[in-house]
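These notes are about the structure you will find just below.
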Amino acid sequence: MSNFTYAFILSTLAGLSTLIGFIPLLFKLKNEKYIILASLSFASGVMICVSLTDLIPESFNLLTTIFKGFPALLFLLIFICLGVITSMLIDKFLPNNDNKSISNKKLYRLGLVSMLAIIMHNIPEGVATFLSSSTNKGLGLSLALAISFHNIPEGISIAIPIYFSTKSRFKAFLYTLISGLSEPLGAILAYLFLSSIINNFIMSVILAMIAGIMIHISIYELLIESLSYKKRRHTFIFFSIGFIFMLISHFLLG
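The numbering of the sequence shown is my numbering, which starts it at 5 and goes up by one.
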């Protein structure tokens with residue numbers, strides 16, 4: 005098997021692990037509000053943890069290879085803020101859907117925003133998995149496993165809002181699949197265009213902006229919507245479970 009084929013297969017499998025987040029919808033679910041609350045707060049904890057313990061430190065480490073001390077930190081903060089602003093613009097200009105079959109338009113928009121954020125997150129992950137797998141199969145496999153592990157709750161953050169707002173398992177599956185396929189898309193982009201131009205600065209910008217996008221969505225979209233169900237203790241519990249889940253995954257797979 006060529007290095008290209010191996011790297012592409014790993015990237016694809018890592019991306020499609022997002023679909024595992026759809027599996028709960030194959031069963032009959034009761035207590036709709038509780039499931040939405042739990043899934044949104046859990047996904048929020050996961051995204052915050054990924055941003056704080058993975059994306060931001062990695063971006064800063066890359067920046068310190070170019071800038072020393074305060075300039076690296078300043079650039080990091082600027083790019084995170086640009087990510088937050090990007091997320092706010094996505095939320096502002098995302099068109100409203102007037103389809104009468106959608107029972108909860110706010111929840112539907114939340115699923116769409118989560119899907120867009122995860123697509124932007126998955127593409128550079130696909131690039132990283134492809135490039136690392138092409139040069140070091142063991143490193144690529146470890147990276148793909150780590151990515152697969154945290155793609156599962158990200159799939160939940162798309163599938164649950166889309167399903168409960170549209171009552172369509174097909175749409176929930178389709179939107180989750182689209183987000184997962186963005187990872188092999190990143191691998192294809194890396195192979196065709198990016199392998200020769202990607203450098204530490206560009207990757208640090210991408211990672212920091214994605215962190216800003218995910219932090220904004222986690223707090224302003226997922227967490228706020230979860231708190232709207234007026235069960236703060238449950239929101240805190242599931243947020244903490246999501247955060248701890250990702251910490252453990254980093255420990256086990258790091």
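Just so you know, even glycine gets a beta-carbon here, dropped at the ideal spot from N, CA and C. Just so we're clear, the structure is a prediction, and the values are computed from it rather than from any experiment.
DSSP places residue 95 inside the alpha helix (DSSP H), whose first and last residues are 74-97.
The alpha carbon of residue 52 has as its nearest neighbour, out of 73, 236, 224, the alpha carbon of 224. For residue 133, the three-state secondary structure derived from DSSP is helix. In this structure, residue 121 sits near residue 221, with a CB-CB distance shorter than 8 Å. A distance of 8 Å or more separates the beta carbons of residue 174 and residue 36.
Straight across, the Cα-Cα distance linking residue 181 with residue 16 is about 11 Å. At a Cβ-Cβ threshold of 8 Å, residue 127 and residue 189 count as neighbours.
Taking every protein chain shown into account, the CB of residue 69 has fewer than 16 other CB atoms within 10 angstroms, so this residue is exposed. Look at residue 233 here: in three-state DSSP terms it is coil, with no helix or strand label. Using a 10 angstroms sphere on the CB of residue 142, the tally of other CB atoms stays under 16, which defines it as exposed.
Judged by DSSP in its simplified three-state form, residue 71 adopts coil rather than helix or strand.
When the five nearest sequence neighbours on each side are left out, the beta carbons in the same chain lying within less than 6 Å of the beta carbon of residue 125 are those of 214, in order along the chain. By the criterion of a C-beta distance shorter than 7 Å, residue 163 is surrounded in its chain by 25, 26, 29, 176, 180, once the five residues flanking it on both sides are discounted. Classified as buried, residue 165 has 16 or more neighbouring CB atoms from the shown chains inside 10 Å of its CB.
Counting the other Cβ atoms within 10 Å of the Cβ of residue 75 gives fewer than 16, which makes it exposed.
Distance from the CA of residue 77 to the CA of residue 206, rounded to the nearest whole angstrom, comes to 15 Å. Rounded to whole angstroms, residue 91 and residue 8 show a C-alpha spacing of 33 Å. As the crow flies, the alpha-carbon of residue 255 is around 33 Å from that of residue 95.
Here the alpha carbons of residue 209 and residue 112 stand approximately 29 Å from one another. In its chain, beyond the 5 residues on either side, 22, 119, 122, 123, 126, 162 have a beta carbon closer than 7 Å to the beta carbon of residue 183. With 16 or more neighbouring CB atoms inside 10 Å of its own CB, residue 246 falls in the buried class. Cβ-Cβ distances below 7 Å link residue 55 to 215, 218, 219 in the same chain, with the five nearest sequence neighbours on each side left out; the list follows chain order. In this structure, 19 is the residue among 19, 13, 204 with its C-alpha nearest to the C-alpha of residue 156.
Between the C-alpha atoms of residue 72 and residue 65 there is a straight-line separation of about 10 Å. Counting the other Cβ atoms within 10 Å of the Cβ of residue 244 gives fewer than 16, which makes it exposed.
In this structure, the CA atom of residue 235 is about 40 Å from the CA atom of residue 145.
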